[in-house]
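Student:
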Amino acid sequence: MLGRLAGSVLRRRWVVLAFWGVVVVAGSLSAGRLPGLLSTSLAVPGTSSERADTILAQQFGQNVEGTFTVVLRRRHVSTAELRELDRDLARAARVVPAASTTPFQVGGDVLYADVGSSLDIQQAAGYTAPLRRSLHHSGLAQALVTGAPALQHDLVPVLARDLRRGEVVAVTVALVLLAWFSGVSLALVVPFAVALCSTAASLGIIFLLAHVVVTALYVPNLVELVGLGLAIDYSLLIVQRFREELAMEPDDVDRAVRQTMRSAGRTVLVSGTAVAVGLSALLLVPVPFVRSLGLAGLVVPLVSILTALTVQPVLLSLLGRRVWRAGGPSRRRPGGRDGIWSAIGGLVVRRRAAVLACSLALLLLASAPISWLRLTPGSLNALPASLPSTRALDLVRAEVGPGVVTPIEVVVDAGKDGHAGSPPIAAATLRLAHQLLGDPEVYVVAIGTRAPYVDMSGRDARVVVVGRHDFGDEQSQLLVEQLRDRFVPAARFPAHVAVYVGGAPAQGVDFIGRVYGTFPLAAGLTLVVAYLVLLV
Numbered sequence: 000m001l002g003r004l005a006g007s008v009l010r011r012r013w014v015v016l017a018f019w020g021v022v023v024v025a026g027s028l029s030a031g032r033l034p035g036l037l038s039t040s041l042a043v044p045g046t047s048s049e050r051a052d053t054i055l056a057q058q059f060g061q062n063v064e065g066t067f068t069v070v071l072r073r074r075h076v077s078t079a080e081l082r083e084l085d086r087d088l089a090r091a092a093r094v095v096p097a098a099s100t101t102p103f104q105v106g107g108d109v110l111y112a113d114v115g116s117s118l119d120i121q122q123a124a125g126y127t128a129p130l131r132r133s134l135h136h137s138g139l140a141q142a143l144v145t146g147a148p149a150l151q152h153d154l155v156p157v158l159a160r161d162l163r164r165g166e167v168v169a170v171t172v173a174l175v176l177l178a179w180f181s182g183v184s185l186a187l188v189v190p191f192a193v194a195l196c197s198t199a200a201s202l203g204i205i206f207l208l209a210h211v212v213v214t215a216l217y218v219p220n221l222v223e224l225v226g227l228g229l230a231i232d233y234s235l236l237i238v239q240r241f242r243e244e245l246a247m248e249p250d251d252v253d254r255a256v257r258q259t260m261r262s263a264g265r266t267v268l269v270s271g272t273a274v275a276v277g278l279s280a281l282l283l284v285p286v287p288f289v290r291s292l293g294l295a296g297l298v299v300p301l302v303s304i305l306t307a308l309t310v311q312p313v314l315l316s317l318l319g320r321r322v323w324r325a326g327g328p329s330r331r332r333p334g335g336r337d338g339i340w341s342a343i344g345g346l347v348v349r350r351r352a353a354v355l356a357c358s359l360a361l362l363l364l365a366s367a368p369i370s371w372l373r374l375t376p377g378s379l380n381a382l383p384a385s386l387p388s389t390r391a392l393d394l395v396r397a398e399v400g401p402g403v404v405t406p407i408e409v410v411v412d413a414g415k416d417g418h419a420g421s422p423p424i425a426a427a428t429l430r431l432a433h434q435l436l437g438d439p440e441v442y443v444v445a446i447g448t449r450a451p452y453v454d455m456s457g458r459d460a461r462v463v464v465v466g467r468h469d470f471g472d473e474q475s476q477l478l479v480e481q482l483r484d485r486f487v488p489a490a491r492f493p494a495h496v497a498v499y500v501g502g503a504p505a506q507g508v509d510f511i512g513r514v515y516g517t518f519p520l521a522a523g524l525t526l527v528v529a530y531l532v533l534l535v
């Protein structure tokens with residue numbers, strides 16, 4: 000079948016090259032527009048945190064992931080000055096659609112306030128630069144902007160630069176290794192041409208999918224680096240096999256290509272399918288952020304298979320004998336042995352038990368760190384210190400604490416309009432606040448009877464809880480669990496009232512829970528399917 004496919008491709012080689020040329024152009028253009036569709040959202044559908052965040056966005060007009068924090072270094076501020084600063088902030092925030100602002104709060108030598116809206120993180124990130132300019136023109140030239148959307152806005156170009164540097168290093172190292180293993184010839188062009196086609200096509204597909212599914216900010220890095228690795232792997236295999244076929248029949252290049260694809264092509268097909276199965280296991284995790292990584296992991300190997308089976312035969316046919324290293328076809332050693340690789344193969348066969356034991360020991364040693372691995376939803380400590388949003392974050396963390404930027408949001412749904420302030424619910428809310436203030440992990444608890452603590456309908460109320468640690472830290476995760484399991488039940492809300500714990504820390508707890516909960520199923524199913532693929 001693969002031989003017939005190769006023959007069909009060779010008969011239409013110029014059509015195939017033209018098609019992939021169009022794909023490369025379209026994919027490259029799509030890649031340039033892809034960053035605006037990417038997200039760092041860790042939302043987990045069907046959880047308490049997702050329900051709380053939905054209510055905050057719909058009823059309070061504040062999407063947790065779309066909220067900016069404005070930080071201003073100022074000491075000894077009078078009440079009149081605070082009111083003036085609040086007015087300046089409200090005026091500057093008009094550039095963000097349907098924005099609402101909180102009054103400036105004093106924390107040490109800094110002032111901080113939130114600019115919230117119902118925009119999601121992708122949409123809000125686009126207003127980071129306009130908000131900064133508006134603050135400058137509104138008399139708050141020294142103000143710094145941080146928060147999830149500002150961090151994403153500042154992180155995108157950093158990741159793009161890192162990706163470019165990584166590509167330069169990877170291509171350079173790959174070129175040196177390919178020249179060492181395969182010799183210097185025009186065959187060195189093949190892996191990079193195939194990588195260009197597969198990467199461009201994959202990014203084009205991801206660009207289309209990003210319009211309908213949440214796509215992680217790191218997907219382009221995954222696509223480009225995995226795509227390059229697979230292209231080099233498959234191209235090296237196919238080129239080496241093609242050289243062997245061409246050495247036997249140097250006068251019929253196309254026949255050598257067909258014979259190559261019958262053998263090496265099948266290996267590529269099986270290998271690529273196994274890789275796709277392994278990476279697509281992430282699709283089983285019911286978290287959009289993780290699923291997008293699985294989607295990319297599925298797309299890249301499948302596209303790599305397609306390019307290896309279509310682009311590479313055409314390139315080999317056009318190059319012909321020029322795929323040989325300088326000096327012509329390599330000469331095999333007597334007896335058909337190939338030096339060190341033959342020696343290694345012979346050693347493995349003769350000492351199979353010892354080799355198996357050593358291999359297992361090395362694998363166990365390499366996997367030992369997993370025993371003390373601690374999975375977190377993320378950490379603000381890992382962000383580059385030079386970013387404007389990181390400088391603002393470091394400032395407010397030093398003076399107040401990291402929880403100011405990522406507070407826990409407790410949402411109380413009274414069930415009926417106007418009931419959020421009823422005496423039983425108000426008493427329970429007050430009990431909850433008193434309990435929380437007694438916890439050493441809690442820095443601030445904010446409640447109220449008017450906006451922004453009660454929505455316009457009077458049905459929903461919110462309790463803002465600021466912790467002392469980063470949202471990904473163990474202490475913050477423990478506080479969320481205690482809120483749900485101990486503090487909320489002990490507050491004795493009426494039976495008809497629904498209480499949801501949201502915000503970034505709660506979102507992180509739900510994220511970790513879903514990832515851990517589906518890991519055994521994903522790992523087991525991947526092993527079974529991969530075994531079946533290899534068996535066939």
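In numbering that gives the first Met the number 0, the protein residues as written are 0 to 535. Heads up, the beta-carbon is just placed ideally off N, CA and C, and yes, glycines get one too.
Use the C-beta contact count for isoleucine 304: other C-beta atoms within 10 angstroms, 16 or more gives buried, fewer gives exposed.
Tutor: Along the sequence shown, one-based indexing puts residue 304 at 305. It is buried - the Cβ of isoleucine 304 has at least 16 other Cβ atoms within 10 Å.
Student: Does arginine 332 come out as helix, strand or coil in the three-state DSSP assignment?
Tutor: Looking up residue 332 in the sequence shown gives position 333. Confidence at arginine 332 is low in this model, with a pLDDT of 48, below 50, so its placement is unreliable and no value can be given for it.
Student: Taking the alpha-carbon of serine 99 as reference, which of Val354, Tyr111, Ser117 has the nearest alpha-carbon?
Tutor: Start at 1 with the first residue of the sequence shown, and residue 99 comes out as number 100. It is Ser117.
Student: Closest by CA to alanine 89, which one among His136, Arg72, Asp108, Ser341?
Tutor: Numbered from its first residue, the sequence shown carries residue 89 at position 90. For the residues His136, Arg72, Asp108, Ser341, the minimum Cα distance to alanine 89 belongs to His136.
Student: Could you spell out where the beta strand (DSSP E) holding aspartate 509 opens and where it closes?
Tutor: Walking along the sequence shown from the start, residue 509 turns up at place 510. Aspartate 509 -> not in any beta strand (DSSP E); alpha helix (DSSP H) instead, spanning 503-534.
Student: Is it true that the CB of alanine 51 sits closer than 9 Å to the CB of valine 463?
Tutor: For the purposes of this step, residue 463 is taken as residue 464 along the sequence shown, with counting starting at 1. For the purposes of this step, residue 51 is taken as residue 52 along the sequence shown, with counting starting at 1. Not closer than 9 Å, so no.
Student: Per DSSP, what are the beta-bridge partners of leucine 71 in this structure?
Tutor: By 1-based counting over the sequence shown, the position of residue 71 is 72. Its beta-bridge partners are Leu110.
Student: Please list, in chain order, all residues of the same chain as phenylalanine 518 whose beta carbon is under 7 Å from its beta carbon, the five residues on each side excluded.
Tutor: Taking the sequence shown and counting its residues from 1, one reaches residue 518 at position 519. Cβ within range, chain order: n/a, list empty.
Student: For tyrosine 111 versus valine 403, is the C-beta spacing smaller than 9 Å?
Tutor: Counted from its first residue, the sequence shown places residue 111 at position 112. Counted from its first residue, the sequence shown places residue 403 at position 404. A contact, by the Cβ cut-off of 9 Å.
Student: Let me know the secondary structure DSSP gives glutamine 311 once reduced to three states.
Tutor: Start at 1 with the first residue of the sequence shown, and residue 311 comes out as number 312. It is helical.
Student: Kindly indicate which three-state DSSP category glutamine 141 falls into: helix, strand or coil?
Tutor: The residue given as residue 141 occupies position 142 in the sequence shown. Glutamine 141: coil per DSSP, three-state reduction.
Student: Taking aspartate 459 as part of the beta strand (DSSP E), name the residues at either end of that continuous run.
Tutor: Working through the sequence shown from its first residue, we reach residue 459 at position 460. From DSSP, the beta strand (DSSP E) with aspartate 459 extends over 459-466.
Student: My output table needs one value for isoleucine 446: the three-state DSSP class, helix, strand or coil.
Tutor: Sequence index remark: in the sequence shown, residue 446 carries index 447 (1-based). DSSP places isoleucine 446 in coil when its eight states are reduced to three.
Student: Quick test of your reading: alanine 5 and methionine 260, contact by CB under 8 Å. State the CB separation rounded to the nearest angstrom.
Tutor: As a working note, residue 5 is residue 6 in the sequence shown. As a working note, residue 260 is residue 261 in the sequence shown. About 4 Å; that satisfies the 8 Å criterion.
Student: Which term fits valine 557, buried or exposed, when burial requires 16 or more other beta carbons within 10 angstroms of its beta carbon?
Tutor: Residue 557 falls outside the range modelled here, since the chain spans only 0 to 535, and no answer is possible.
Student: Please report the distance separating the alpha-carbon of histidine 539 from that of histidine 75.
Tutor: Only positions 0 to 535 of the chain appear in this structure, which leaves residue 539 out of reach.
Student: Taking the alpha carbon of threonine 536 as the point to measure from, which residue in Pro148, Arg254, Gln434 has its own alpha carbon closest?
Tutor: Because residue 536 is not part of the residues shown, which for the chain are 0 to 535, the question remains open.
Student: With three or more beta-carbon pairs closer than 8 Å as the criterion, would you say the stretch 60-75 touches the stretch 114-129?
Tutor: They touch, by the three-pair rule.
Student: Just reading off the alpha helix (DSSP H) that valine 409 is part of, what are its end residues?
Tutor: Position 410 of the sequence shown, counted from the start, is the residue given in the question as residue 409. Premise fails: valine 409 lies in the beta strand (DSSP E), 407-412, not in any alpha helix (DSSP H).
Student: Give the DSSP-derived three-state secondary structure of threonine 171 in the structure shown.
Tutor: On the sequence shown, position 172 is the one that residue 171 refers to. Residue state, collapsed to three classes: helix.
Student: Which residue or residues does DSSP assign as beta-bridge partners of leucine 37?
Tutor: Counting from one through the sequence shown, the residue named residue 37 turns up at place 38. Thr214.
Student: Can you give me the start and stop residues for the alpha helix (DSSP H) that histidine 136 sits inside?
Tutor: Within the sequence shown, numbered from 1, the residue matching residue 136 stands at position 137. Where histidine 136 is concerned, the enclosing alpha helix (DSSP H) stretches over 127-136.
Student: So valine 252 and leucine 245 are in contact, right, with Cβ under 8 Å, and what is the actual spacing, rounded?
Tutor: For the purposes of this step, residue 252 is taken as the residue at position 253 of the sequence shown. For the purposes of this step, residue 245 is taken as the residue at position 246 of the sequence shown. Yes, valine 252 and leucine 245 are in contact; Cβ-Cβ is about 7 Å, under 8 Å.
Student: Looking at threonine 46 and aspartate 509, is the spacing between their C-beta atoms short of 9 Å?
Tutor: Position 510 of the sequence shown, counted from the start, is the residue given in the question as residue 509. Position 47 of the sequence shown, counted from the start, is the residue given in the question as residue 46. Yes, these two residues count as a Cβ contact at 9 Å.
Student: Give me the residue from Leu1, Glu80, Gly512 with the minimum Cα distance to valine 256.
Tutor: Counting from one through the sequence shown, the residue named residue 256 turns up at place 257. When each option's Cα is compared against that of valine 256, the closest is Leu1.
Student: Assuming the contact rule is C-beta atoms closer than 8 Å, alanine 273 and valine 532 should be a hit. Round their C-beta distance to whole Å, please.
Tutor: The sequence position of residue 273 within the sequence shown is 274, counting from 1. The sequence position of residue 532 within the sequence shown is 533, counting from 1. Confirmed, Cβ separation roughly 5 Å.
Student: Could you tell me the alpha carbon to alpha carbon distance between arginine 86 and arginine 373, rounded to whole angstroms?
Tutor: In the sequence shown, counting from the first residue as 1, residue 86 sits at position 87. In the sequence shown, counting from the first residue as 1, residue 373 sits at position 374. Those two C-alpha atoms are separated by around 44 Å.
Student: Please state the DSSP three-state secondary structure of glutamine 104.
Tutor: Position 105 of the sequence shown, counting from 1, holds the residue named residue 104. Of the three classes helix, strand and coil, the one that applies to glutamine 104 here is strand, per DSSP.
Student: Do you know how far the Cα of tryptophan 19 is from the Cα of alanine 140?
Tutor: Taking the first residue of the sequence shown as position 1, residue 140 is located at position 141. Taking the first residue of the sequence shown as position 1, residue 19 is located at position 20. Answer to the nearest angstrom: the Cα atoms are 50 Å apart.
Student: Give the DSSP-derived three-state secondary structure of glycine 420 in the structure shown.
Tutor: The count along the sequence shown starts at 1 and reaches residue 420 at position 421. Reduced to three states, the DSSP call for glycine 420 is coil.
Student: Which of helix, strand or coil does DSSP assign to serine 99?
Tutor: What you label residue 99 is simply residue 100 of the sequence shown in a count that begins at 1. Strand at serine 99.
Student: From leucine 364 to arginine 254, what does the alpha carbon distance come to, in whole angstroms?
Tutor: Position 365 of the sequence shown, counting from 1, holds the residue named residue 364. Position 255 of the sequence shown, counting from 1, holds the residue named residue 254. Looking at the two C-alpha atoms, the distance is approximately 47 Å.
Student: Just reading off the alpha helix (DSSP H) that alanine 192 is part of, what are its end residues?
Tutor: Here residue 192 refers to the residue found at position 193 of the sequence shown. Its alpha helix (DSSP H) spans residues 188-208.
Student: Beta-carbon separation of glutamate 166 and leucine 236 under 9 Å?
Tutor: Working through the sequence shown from its first residue, we reach residue 166 at position 167. Working through the sequence shown from its first residue, we reach residue 236 at position 237. Not closer than 9 Å, so no.
Student: By Cβ distance, which residues of its chain are closer than 6 Å to phenylalanine 206, with the 5 residues on each side in sequence left out?
Tutor: Looking up residue 206 in the sequence shown gives position 207. These residues qualify, in order along the chain: Ser29, Leu33.
Student: DSSP three-state call for tyrosine 499: helix, strand or coil?
Tutor: In the sequence shown, residue 499 corresponds to position 500, counting from 1. Residue state, collapsed to three classes: strand.
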